[in-house]
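Student: Chains as they are written, first to last, in the numbering used here: chain A, 1 to 157; chain B, 158 to 314; chain C, 315 to 397; chain D, 398 to 480.
Here a beta-carbon is modelled for each residue, glycine too, at the ideal position from N, C-alpha and C.
Bear in mind that the values here come from a model prediction, so they are computed numbers and not experimental data.
#1: Using Cβ-Cβ distances below 8 Å, what residues of the stretch 451 to 469 of chain D are close to chain A?
#2: Using a Cβ cut-off of 8 Å (strictly closer), state whether residue 121/A contacts chain B.
#3: Taking buried to mean at least 16 other C-beta atoms within 10 Å of its own C-beta, is residue 60/A buried or exposed?
#4: Report back the beta-carbon spacing between residue 323/C and residue 360/C to the nearest angstrom; my notes put them in contact at under 8 Å.
#5: Taking the C-alpha atoms as reference points, what is the distance between residue 416/D and residue 192/B?
#6: Kindly indicate which three-state DSSP category residue 295/B falls into: helix, strand or coil?
#7: Starting from the C-beta of residue 441/D, find all residues in its chain whose C-beta is less than 8 Å away, skip the five residues before and the five after it, and write them out in chain order.
#8: Looking at the structure shown, is residue 391/C part of a helix, part of a strand, or coil, going by DSSP?
#9: How many angstroms separate the CA atom of residue 180/B from the CA atom of residue 259/B?
#10: Chain A beta carbons: is any one of them nearer than 8 Å to that of residue 243/B?
#11: Could you have a look at residue 199/B and say whether DSSP puts it in helix, strand or coil?
#12: If you compare alpha carbons, which of 261/B, 208/B and 202/B is closest to residue 177/B?
#13: What does residue 258/B pair with, by DSSP beta-bridge criteria?
#14: To the nearest angstrom, how far is the alpha carbon of residue 56/A from that of residue 296/B?
#15: If we call anything under 8 Å between Cβ atoms a contact, is residue 210/B one with residue 248/B?
#16: Among 317/C, 336/C, 341/C and 339/C, which one has its Cα closest to the Cα of residue 330/C?
#17: Against residue 251/B, what residues of chain A qualify as contacts under a CB-to-CB distance less than 8 Å, listed in chain order?
#18: Can you tell me whether residue 22/A is helix, strand or coil according to DSSP?
#19: The alpha helix (DSSP H) that contains residue 230/B, what's its start and end?
#20: Along chain B, in chain order, which residues have C-beta atoms closer than 8 Å to that of residue 363/C?
#21: Which bits of chain B does residue 394/C rub up against, with CB to CB less than 7 Å?
#22: Would you call the stretch 274 to 282 of chain B and the stretch 215 to 231 of chain B touching, i.e. three or more CB-CB distances under 8 Å?
#23: Thinking C-beta only, is residue 478/D closer than 8 Å to residue 143/A?
#24: Determine the burial state of residue 74/A: buried for a count of at least 16 other Cβ atoms within 10 Å of its Cβ, exposed for fewer.
#25: Against chain G, with Cβ distances strictly below 8 Å, would residue 349/C count as a contact?
#26: What's the call for residue 97/A, buried or exposed, on a 16-neighbour Cβ count within 10 Å?
#27: For residue 169/B, which option in 205/B, 195/B, 188/B and 240/B has the closest C-alpha, if you only look at C-alpha atoms?
#28: In this structure, how does DSSP classify residue 117/A when only helix, strand and coil are distinguished?
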């Protein structure tokens, strides 16, 4: 891992919200070598209307470390000038942001692949767990891991 | 093409800039069914420092129509709840935004694929042409189409 | 029929649009381009390699072997470089 | 050695961390889990299906057949559901 590569990775684990536009601007302002920026925003869904909030638990220290490891692999695989990951923890209401990935590159396919790779590995390897809180005041279930998320990793082999 | 699908496509051809964060918020506010938002921002690059601006010429009427056709195909292929495309025209300085795609879905892979498909076809089929204006005051070349952009379409066959 | 020109085709022809009445024997895009090529030096230069010229009929891409039909608007332009 | 518990493992055990001194014969993650399972009813329930329990040693994922080494911190948690 070169210093240059490491310098371009930013990982933030935080309770507060983020703004994708502000993050894109911060990464691209006064730069003339970035032709493509791909962002992924993951939001809290509630399709049947029963959810009051998701509570995101994380493993402090390891969450940052694991996402940095995933980001370093992405930067080794594709020519990314920046890779930013923000993951929230705590209670998150339906419709609110959970995670943001911003991948910058001179070329669009690298930016798409870098962001998509990062999300696939973050889903299955970053130490976060979601618990449902329901509108009726009860504490719902811990969200189960999806086989489809493990499956998604295979395309990067 | 169902009415529902068409209602979720927005295409804007405009000279002024855009803000990805504001566009994401407008599409996702008060919605609880969107779990994934992927944006692609294309920026004006100037790696050797000689460019004053790119001038984007377009074919009014056809530019909108062609991008809508591409977006409709994307919405038929993936379950996208929204697909927004903004493409600027006129003079655009290095580091400025040229194009924005925002794809919303309940699932992340559909959002990634929809945005990537849209950009691949927009590059080769939407009637826009870029001319370089150089810092020395001279009018540079019209940017040539890239074979790599035609190649990129093959993975969607 | 309105004929539009874009990018370096517009610049070399020195016009962005004109009104044309096509001879009735012209049915396809390719026939239209061949006819255009005979309209003078600039047209001949622009259409020296007709394969690189893209054509839209009423805002839709058309291949050179496709028919024009009763088009209201035809546009000639080089390969696109947007995005 | 600090041992951390997360998610429903933390809830069922009723604690988020503890200090443990492991018997010297425990070398692998799997051996550690087998030893933990004998520490009482709650541990037995949590480790009924040890394959679903993920383990990190000093902030890095470890498979059950890997060694623990001289770890400062071990964490037990269910499959992750972030993002």
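Tutor: Straight from the coordinates:
#1: Within the stretch 451 to 469 of chain D, the residues whose Cβ lies closer than 8 Å to some Cβ of chain A are 453, 456, 457 and 458, listed in chain order.
#2: With 8 Å as the cut-off, residue 121/A does not count as an interface residue toward chain B.
#3: With a 10 Å radius around the Cβ and a threshold of 16 neighbouring Cβ atoms, residue 60/A comes out exposed.
#4: With 8 Å as the limit, residue 323/C and residue 360/C qualify as a contact, their Cβ atoms being about 5 Å apart.
#5: Approximately 39 Å, taken between the alpha carbons.
#6: The three-state secondary structure of residue 295/B, taken from DSSP, is coil.
#7: Same-chain partners within the cutoff: 434 and 435.
#8: Three-state DSSP puts residue 391/C in a strand.
#9: Cα to Cα, residue 180/B sits roughly 8 Å from residue 259/B.
#10: Chain A, which has no Cβ nearer than 8 Å to the Cβ of residue 243/B, makes this no.
#11: It is a strand residue.
#12: The alpha carbon of residue 177/B has as its nearest neighbour, out of 261/B, 208/B and 202/B, the alpha carbon of 261/B.
#13: Partner(s): 197/B and 242/B.
#14: About 55 Å.
#15: With respect to the 8 Å criterion, residue 210/B and residue 248/B are classified as neighbours on the basis of their beta carbons.
#16: For the set 317/C, 336/C, 341/C and 339/C, the Cα lying nearest the Cα of residue 330/C is the one of 317/C.
#17: Correct list: 32.
#18: Helix at residue 22/A.
#19: The continuous alpha helix (DSSP H) containing residue 230/B extends over residues 219 to 234.
#20: None at all; the shortest Cβ gap to chain B is about 14 Å.
#21: 281, 282, 283, 284, 285, 286 and 302, listed in chain order.
#22: Three or more beta-carbon pairs drawn from the stretch 274 to 282 of chain B and the stretch 215 to 231 of chain B are found closer than 8 Å, and the two stretches are therefore classed as touching.
#23: Taking 8 Å as the Cβ cut-off, residue 143/A and residue 478/D qualify as a contacting pair.
#24: The residue is buried, with at least 16 neighbouring Cβ atoms inside 10 Å.
#25: Here the protein chains are A, B, C and D, and chain G is not one of them.
#26: Counting C-beta atoms within 10 angstroms of its own C-beta, residue 97/A has 16 or more neighbours from the protein chains shown and is therefore classed as buried.
#27: Looking at the Cα atoms, 240/B is the closest of the given residues.
#28: Secondary structure at residue 117/A: helix, using DSSP grouped into helix, strand and coil.
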